[in-house]
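Peer 1: Under the working numbering, the first residue of the sequence shown carries the number 2, and numbering increases by one thereafter.
Even glycine gets a Cβ: it sits at the ideal position worked out from N, Cα and C.
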Amino acid sequence: MTSPEAEQGGVAGEPQATPEDGAPRPEERLERAVRAAEQALIEYEIAVETFRVEVENFSRLHHQKLGPMYARLDELDAQIAEARAARTGDPEDRRKADEARARVMPMPGVEELFHGWMDGEGLFPEAVAMLTDQPVRPPQRVRPSDEARKLYRELARKAHPDLAQDDTERARREEFITRVNAAYARGDETLLQELAEEWAKGPAPAERGPSRSEELYARLEWLAQRKELLTLVAKDLEESAIGAMLRLAPDDPDRLLEEIAEKLLADVAQREADLAELLG
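1) Looking at the unbroken alpha helix (DSSP H) that takes in Gly244, where does it start and where does it end?
2) Can you give me the C-alpha to C-alpha distance between Pro69 and Glu259, rounded to a whole angstrom?
3) Counting Cβ pairs closer than 8 Å, one from the region 240-257 and one from the region 50-59, do we hit at least three?
4) Which residue's Cα is closest to the Cα of Arg154: Asn182, Glu170 and Asp167?
5) Taking 8 Å as the threshold (C-beta atoms), are Leu42 and Arg227 in contact?
6) Return the Cβ separation of Leu231 and Val35 in integer angstroms, given the expectation that the two are a contact with Cβ distance under 8 Å.
7) Can you look up Ser146 in the DSSP assignment and give me helix, strand or coil?
8) Check whether the Cβ atoms of Asp163 and Glu39 sit closer than 8 Å, and answer yes or no.
9) Would you kindly work out how many angstroms separate the C-alpha atoms of Gln194 and Ile178, rounded to a whole number?
10) If you reduce the DSSP assignment to three classes, tell me which class Ser212 lands in.
11) Within the same chain, show all residues whose beta-carbon is closer than 7 Å to that of Ser146, passing over the 5 residues directly before and after it, in chain order.
12) Check each candidate in Arg220, Tyr185 and Pro254 and name the one with the smallest Cα separation from Glu148.
13) Can Arg95 and Ala101 be called in contact, C-beta distance under 8 Å?
14) Kindly list the residues whose CB is nearer than 6 Å to the CB of Arg174, restricted to its own chain and excluding five residues on each side of it in sequence; keep chain order.
15) Put Glu122 into one of helix, strand or coil per three-state DSSP.
16) State buried or exposed for Gln271, treating a residue as buried only when at least 16 other CB atoms are found within 10 Å of its CB.
17) Please classify Gly281: is it buried, with 16 or more other beta-carbons within 10 angstroms of its beta-carbon, or exposed?
18) Near Ala157, which residues of its chain fall below 8 Å by C-beta distance, leaving aside the five closest residues on each side in sequence?
19) Considering only C-alpha positions, which residue in the set Ala201, Phe52 and Glu215 is nearest to Pro27?
20) Residues in the same chain with beta-carbon distance under 6 Å from Ala277, minus the five sequence neighbours each way, listed in chain order, please.
21) Could you give the distance in angstroms between the alpha-carbon of Arg88 and the alpha-carbon of Leu247?
22) Whole angstroms are fine: how far does the CA of Glu83 sit from the CA of Ala250?
23) Are the CB atoms of Ala262 and Lys97 within a distance shorter than 8 Å?
24) Please go through the same chain and pick out, in chain order, the residues whose beta-carbon is closer than 7 Å to the beta-carbon of His116, but skip the five residues on each side of it.
25) By Cβ distance below 7 Å, which residues in the same chain neighbour Asp237 in space, the five residues on each side in sequence not counted?
26) Hey, how far is the Cα of Arg33 from the Cα of Tyr218?
27) Look up Gly68 in the DSSP assignment and say whether it is helix, strand or coil.
28) Alpha carbon to alpha carbon, how far is Asp75 from Leu192?
29) For Glu222 and Ala235, I'd like the C-alpha separation in whole angstroms.
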């Protein structure tokens, strides 16, 4: 007959350990807790990385598509203030005009000009096309396709470095996940599929063997610290200006860009009308 303690401590579908098995039940429970914590951390990391990519892509598109409109508004505000100051001759209007002109963004330097257009290996294809008068590829969507997101999540769960059993395996997984993250950041669904096939052909991860209680406790502590760090990263992303904008339209951030662009165009038209009236 199974004891009440064994019934409470057992897991459905798993063989019940006995003292003869040589594996103390507290250690088995601790190992299960570590595995559950590992999986929870991986899922959390996937969520944070997914949001980071969306914030980064939205920020780049926001700068590329709306940056010129913001610059145009600043220039019109400066011209309007200057026209008003010239008409009134009021020192206060002159001061406001000077402040408005100071807010106009200066001509960017080389580093600023190519921000988002080059990396450590040189110019992105879009920048090369722009400099050689070739057609420029339209900006990518803010959010990768549903299939790309699905592939990314599956690969992150299967190949996550935290599932490695030794340093060699961890290094292999870290190198692979780096390529997975880069492909996902570009929304490259084809490459993600190729990476999935590559991983399927690779060596199967070894089963976790029994570990000492001290090692398991240390592992749980590390997982908790990692979760705290990710929580801070997620908080910074959510509280950033771009993150706050994304929360306004979590299901269709691309449409949010279009709505902002429409409003900015209307603002530009109104400013131009105001300036024409002042100059007229």
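Peer 2: In terms of the structure at hand:
1) Taking the first residue of the sequence shown as position 1, residue 244 is located at position 243. Its alpha helix (DSSP H) spans residues Ala242 to Leu249.
2) Indexing the sequence shown from 1 puts residue 69 at position 68. Indexing the sequence shown from 1 puts residue 259 at position 258. Taking the straight line joining both Cα atoms gives about 14 Å.
3) With the cut-off at 8 Å, the region 240-257 and the region 50-59 touch.
4) Here residue 154 corresponds to residue number 153 of the sequence shown, with the count starting at 1. That would be Asn182, whose Cα lies nearest to the Cα of Arg154.
5) Here residue 227 refers to the residue found at position 226 of the sequence shown. Here residue 42 refers to the residue found at position 41 of the sequence shown. Yes, the pair counts as a contact, with Cβ atoms nearer than the cut-off.
6) The residue labelled residue 231 in the question sits at position 230 within the sequence shown. The residue labelled residue 35 in the question sits at position 34 within the sequence shown. Their Cβ separation, rounded to whole angstroms, is 17 Å, which puts Leu231 and Val35 out of contact at 8 Å.
7) Stepping through the sequence shown from its first residue, residue 146 is reached at position 145. Looking at Ser146 - three-state DSSP - the assignment turns out to be coil, as it is neither helix nor strand.
8) Counting from one through the sequence shown, the residue named residue 163 turns up at place 162. Counting from one through the sequence shown, the residue named residue 39 turns up at place 38. Between Asp163 and Glu39, the gap from beta carbon to beta carbon is short of 8 Å.
9) Walking along the sequence shown from the start, residue 194 turns up at place 193. Walking along the sequence shown from the start, residue 178 turns up at place 177. The straight-line gap from Cα to Cα measures roughly 14 Å.
10) Counting from one through the sequence shown, the residue named residue 212 turns up at place 211. At Ser212 the pLDDT is 48, less than 50, meaning the model places this residue with poor confidence; the figure from the coordinates comes in the next sentence. Ser212 falls in the coil class under three-state DSSP.
11) Counting from 1 along the sequence shown, the entry for residue 146 is found at position 145. Around Ser146, the same chain offers Gly188 and Glu190 as residues with beta carbons nearer than 7 Å, after the five sequence neighbours per side are excluded.
12) Counted from its first residue, the sequence shown places residue 148 at position 147. Cα-wise, what sits closest to Glu148 is Tyr185.
13) Position 94 of the sequence shown, counted from the start, is the residue given in the question as residue 95. Position 100 of the sequence shown, counted from the start, is the residue given in the question as residue 101. No, the Cβ-Cβ distance between Arg95 and Ala101 is not below 8 Å.
14) On the sequence shown, position 173 is the one that residue 174 refers to. Answer for Arg174: Ala160, Pro162 and Ala165, listed in chain order.
15) On the sequence shown, residue 122 is found 121 positions in, with the first residue counted as 1. Only weak support exists for where Glu122 lies, its pLDDT of 48 falling under 50; the coordinates are left without a value.
16) By one-based count along the sequence shown, residue 271 stands at place 270. So Gln271 ends up on the exposed side.
17) Taking the sequence shown and counting its residues from 1, the one referred to as residue 281 is at position 280. That one is exposed.
18) One-based indexing of the sequence shown puts residue 157 at position 156. So the list reads Ile43, Glu46, Ile47, Glu50, Ile178 and Val181, once near-sequence residues are dropped.
19) In the sequence shown, counting from the first residue as 1, residue 27 sits at position 26. Cα-wise, what sits closest to Pro27 is Glu215.
20) As a working mapping, residue 277 is identified with position 276 in the sequence shown. Cβ neighbours of Ala277 within its own chain (closer than 6 Å, five residues either side excluded): none.
21) Looking up residue 88 in the sequence shown gives position 87. Looking up residue 247 in the sequence shown gives position 246. Near 43 Å, if we compare the C-alpha coordinates of Leu247 and Arg88.
22) Translated into positions along the sequence shown, residue 250 becomes position 249. Translated into positions along the sequence shown, residue 83 becomes position 82. In this structure, the straight-line span from the alpha carbon of Ala250 to that of Glu83 is close to 38 Å.
23) As a first step, residue 97 is located in the sequence shown; it is residue number 96 there, counting from the start. As a first step, residue 262 is located in the sequence shown; it is residue number 261 there, counting from the start. No, the pair does not count as a contact, with Cβ atoms beyond the cut-off.
24) Stepping through the sequence shown from its first residue, residue 116 is reached at position 115. Legend: pLDDT at His116 = 49, less than 50; position of this residue unreliable, value from coordinates given subsequently. Beyond the five residues adjoining it in sequence on each side, His116 comes within less than 7 Å, by CB distance, of no other residue in the same chain.
25) Walking along the sequence shown from the start, residue 237 turns up at place 236. Excluding residues within five positions, none has a Cβ falling inside 7 Å.
26) Here the question's residue 33 lines up with position 32 in the sequence shown. Here the question's residue 218 lines up with position 217 in the sequence shown. Arg33 and Tyr218: Cα-Cα distance of roughly 12 Å.
27) Taking the sequence shown and counting its residues from 1, the one referred to as residue 68 is at position 67. When DSSP states are grouped into helix, strand and coil, Gly68 belongs to the helix group.
28) The count along the sequence shown starts at 1 and reaches residue 75 at position 74. The count along the sequence shown starts at 1 and reaches residue 192 at position 191. Cα-Cα distance, rounded: 42 Å.
29) Taking the first residue of the sequence shown as 1, we reach residue 222 at position 221. Taking the first residue of the sequence shown as 1, we reach residue 235 at position 234. It is roughly 20 Å from the alpha-carbon of Glu222 to the alpha-carbon of Ala235.
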